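A short worksheet on the structure shown next.
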Amino acid sequence: MSNYPSEPEFEQAYKELASTLENSSLFKKRPEFKTALAISSVPERVIQFRVTWEDDKGAVQFNRGYRVQFNSALGPYKGGLRFHPTVNLSILKFLGFEQIFKNALTGLNIGGGKGGADFDPKGKSDNEIRKFCVAFMTQLARHIGADTDVPAGDIGVSPREIGWLFGTYKTQKNLWEGCLTGKGGTWGGSLIRPEATGYGLVYYVDLMIKHASNGKESFKGKRVAISGSGNVAQYAALKAIELGATILSLSDSKGAIIAKSDQGIQPADVQAIAKLKVERKALTDLLTTSEYKDKFTYEEGARPWTKVGKVDIALPSATQNEVSGDEAKALVEAGAKYVAEGSNMGCSQDAIDVFEGNRKEKKGDAIWYAPGKAANCGGVAVSGLEMAQNSQRLSWTSEEVDSKLKGIMTACFKNGLDTAKEYVEPSAEGELPSLVAGSNIAGFIKVAEAMKAQGDWW
Ligand code: NDP
Numbered sequence: 008m009s010n011y012p013s014e015p016e017f018e019q020a021y022k023e024l025a026s027t028l029e030n031s032s033l034f035k036k037r038p039e040f041k042t043a044l045a046i047s048s049v050p051e052r053v054i055q056f057r058v059t060w061e062d063d064k065g066a067v068q069f070n071r072g073y074r075v076q077f078n079s080a081l082g083p084y085k086g087g088l089r090f091h092p093t094v095n096l097s098i099l100k101f102l103g104f105e106q107i108f109k110n111a112l113t114g115l116n117i118g119g120g121k122g123g124a125d126f127d128p129k130g131k132s133d134n135e136i137r138k139f140c141v142a143f144m145t146q147l148a149r150h151i152g153a154d155t156d157v158p159a160g161d162i163g164v165s166p167r168e169i170g171w172l173f174g175t176y177k178t179q180k181n182l183w184e185g186c187l188t189g190k191g192g193t194w195g196g197s198l199i200r201p202e203a204t205g206y207g208l209v210y211y212v213d214l215m216i217k218h219a220s221n222g223k224e225s226f227k228g229k230r231v232a233i234s235g236s237g238n239v240a241q242y243a244a245l246k247a248i249e250l251g252a253t254i255l256s257l258s259d260s261k262g263a264i265i266a267k268s269d270q271g272i273q274p275a276d277v278q279a280i281a282k283l284k285v286e287r288k289a290l291t292d293l294l295t296t297s298e299y300k301d302k303f304t305y306e307e308g309a310r311p312w313t314k315v316g317k318v319d320i321a322l323p324s325a326t327q328n329e330v331s332g333d334e335a336k337a338l339v340e341a342g343a344k345y346v347a348e349g350s351n352m353g354c355s356q357d358a359i360d361v362f363e364g365n366r367k368e369k370k371g372d373a374i375w376y377a378p379g380k381a382a383n384c385g386g387v388a389v390s391g392l393e394m395a396q397n398s399q400r401l402s403w404t405s406e407e408v409d410s411k412l413k414g415i416m417t418a419c420f421k422n423g424l425d426t427a428k429e430y431v432e433p434s435a436e437g438e439l440p441s442l443v444a445g446s447n448i449a450g451f452i453k454v455a456e457a458m459k460a461q462g463d464w465w
């Protein structure tokens with residue numbers, strides 16, 4: 008790690024995983040796994056490339072493009088593409104590293120990777136975004152493929168961009184193959200893929216609630232704070248509403264909207280926000296009408312956690328490090344019982360320390376925290392199912408895919424729970440197991456064993 012002093016996000020992700028392994032009995036039982044951890048922290052391959060494209064004025068523009076092919080022990084590299092001005096190698100290495108163990112937790116045969124560009128889709132025309140996608144894939148196509156590396160969407164990359172990227176790959180390679188997931192439902196995409204991360208997150212939290220309450224409680228009647236208003240946040244909100252919860256908030260990079268009435272944010276509001284986001288507009292644009300001004304208060308530049316009042320469930324679903332230590336304390340004070348990350352590394356290490364400390368201290372009455380690796384694995388899981396459908400040249404029904412998604416989320420939850428019980432000594436009787444430690448250890452063991460079998464370490 009000392010060779011990478013300027014990669015703060017990657018170091019944070021590495022330390023979070025390493026500390027849970029070190030604080031468990033794993034290295035006592037299997038000391039050789041320390042070698043596996045060190046080796047798995049170095050990507051198999053990092054590809055960096057220049058993307059030049061023409062804007063609407065005919066002027067040349069350029070961006071930095073990347074693909075981190077982190078680990079292929081379990082299958083082809085798999086992980087999204089992020090188009091956002093903050094993208095750099097540290098962020099993509101953190102996302103790729105997390106992706107390895109998340110993908111292992113899905114139980115599917117997919118390795119871990121991540122990519123993207125420091126391109127900002129905001130303020131660009133559809134024509135400019137399409138041109139950028141063509142230029143980006145012109146460089147990336149030679150490095151990916153259905154059995155090599157299968158990217159998907161992430162922040163700033165929606166099904167529209169996947170379509171343009173796919174068309175470019177196909178033209179370049181003269182090959183129709185499942186080289187990307189998140190494709191359109193009528194041309195090779197899996198049904199339920201757009202919904203999968205948000206739905207899977209809610210299925211996972213439902214399992215947490217049922218486990219912690221011995222089956223007495225569910226989403227019904229729960230007050231849920233959500234951050235973000237993109238793909239993950241929208242579908243998490245819709246599924247939670249369907250299960251009887253009240254959505255207190257959504258947010259974007261400019262601020263948060265908080266529902267004024269006890270009804271919370273309604274499905275029609277989420278649809279209106281989805282339409283707005285396709286047009287790359289801000290939540291503030293919604294508040295220009297009196298209908299929405301009456302429904303929501305707007306907190307400029309703020310995240311929702313300290314603004315929602317009494318809350319039962321918090322689902323960070325925007326970006327990394329979007330819950331600080333102080334915000335975590337505020338959530339505990341506000342009565343939150345469940346926190347699960349829709350976003351990757353949504354909680355800062357300080358926030359995780361607050362939640363995990365509370366879990367140990369308060370035992371049965373504690374807040375229960377689920378890391379993104381486990382709670383948001385539904386998206387990549389259905390991407391894995393999309394790869395299977397493409398290979399078979401078949402399309403499964405929504406019901407089939409949804410039922411498989413539920414099965415995967417259930418297995419992932421049980422795996423984290425059982426592994427925590429096996430490797431982490433509870434500090435007191437009645438303590439809820441650490442889902443962060445259990446999920447990290449379960450994912451790591453699967454990857455480390457496969458790497459050893461393939462001669463990556465010995
Ligand atoms: P989208 O681009 O659809 O939405 C992102 C949302 O987060 C937008 O509301 C955006 O605001 C907000 N946001 C982005 N950056 C920031 C920032 N720096 N500060 C505050 N808000 C920000 O992305 P997704 O919904 O797909 O992804 C959200 C998170 O979920 C990411 O962490 C992603 O890695 C993770 N994830 C996504 C999966 C998927 O299947 N899509 C799978 C697993 C994890 P604005 O509209 O103003 O830009």
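Position 420 of the sequence shown, counting from 1, maps to 427 under our numbering, and the rest follow consecutively.
We put the CB at the ideal spot given by N, CA and C, even for glycine.
Remember, it's a predicted structure, so these values are computed and weren't measured experimentally.
In the pairwise beta carbon analysis, the segment 110–118 is classified as not touching the segment 354–369: fewer than three pairs are separated by under 8 Å. Nearest in C-alpha terms to D154, of all of G189, G118, I162 and K131, is G118. Ranking E224, S355, L257 and V285 by CA distance to the CA of E307 puts L257 first. The alpha helix (DSSP H) runs lying completely inside the segment 390–430 and spanning 4 residues or more are 405–430, given in chain order. For E224, no beta strand (DSSP E) run applies, since DSSP gives it neither H nor E. In the DSSP assignment, K282 falls within the alpha helix (DSSP H) that extends over P274 to V285. With a 10 Å radius around the Cβ and a threshold of 16 neighbouring Cβ atoms, G122 comes out buried. Per DSSP, the beta-bridge partners of G122 are R74 and L88. Around the beta carbon of E334, 16 or more other beta carbons lie within 10 angstroms, which makes this residue buried. Between T313 and A337, the C-beta gap is smaller than 9 Å, which places the two residues in contact. Beta bridge pairing from DSSP links D259 with G262. Remark: the shortest separation between the CB of I162 and any heavy atom of the ligand NDP falls under 8 Å.
Residues D125 of the same chain have their beta carbon placed closer than 8 Å to that of T93, with the five preceding and five following residues left out of the count.
With 16 or more other Cβ atoms inside 10 Å of its own Cβ, L439 counts as buried. Using a C-beta cut-off of 8 Å, the segment 36–45 makes no contact with the segment 89–103, since fewer than three inter-stretch Cβ pairs fall below that distance. Comparing C-alpha distances from K459 to each of A66, S79 and E14 shows the shortest one belongs to S79. With contact defined as three or more Cβ pairs closer than 8 Å, the segment 236–249 and the segment 422–435 are not in contact. Q270 counts as exposed, since fewer than 16 other C-beta atoms from the protein chains shown sit within 10 angstroms of its C-beta.
DSSP lists T253 as the bridge partner or partners of R230. Burial is judged here by how many other beta carbons sit within 10 angstroms of a residue's own beta carbon; P323 has at least 16 and is buried. Check the Cα spacing between G160 and each of G152, G170 and S260: the tightest is with G170. In terms of Cβ geometry, A321 and V346 form a close pair [threshold 9 Å]. Shortest gap from the CB of K129 to any heavy atom of the ligand NDP: under 8 Å. From the listed residues A266, L198 and I415, the smallest Cα separation to V231 is found for A266. Residue state for P166 is assigned as helix, using DSSP reduced to three classes. DSSP places E363 inside the alpha helix (DSSP H), whose first and last residues are Q356 to K369. For D319, DSSP assigns no beta-bridge partner whatsoever. Residue pairing of W465 in beta bridges, as defined by DSSP: absent, with no partner found. Boundaries around D292 are those of the alpha helix (DSSP H), L290 to L293, since no beta strand (DSSP E) includes it.
At least one heavy atom of the ligand NDP sits closer than 8 Å to the Cβ of D259. When the five nearest sequence neighbours on each side are left out, the beta carbons in the same chain lying within less than 6 Å of the beta carbon of M215 are those of Y345 and W375, in order along the chain. With 16 or more other Cβ atoms inside 10 Å of its own Cβ, R89 counts as buried.
From the listed residues P83, F56 and F104, the smallest Cα separation to V49 is found for F104.
Residue pairing by DSSP places W60 opposite Q68 in a beta bridge. Note: W375 is bridge-paired with Y345 in the DSSP secondary-structure output. In this structure, the alpha-carbon of S132 lies about 28 Å from that of I54.
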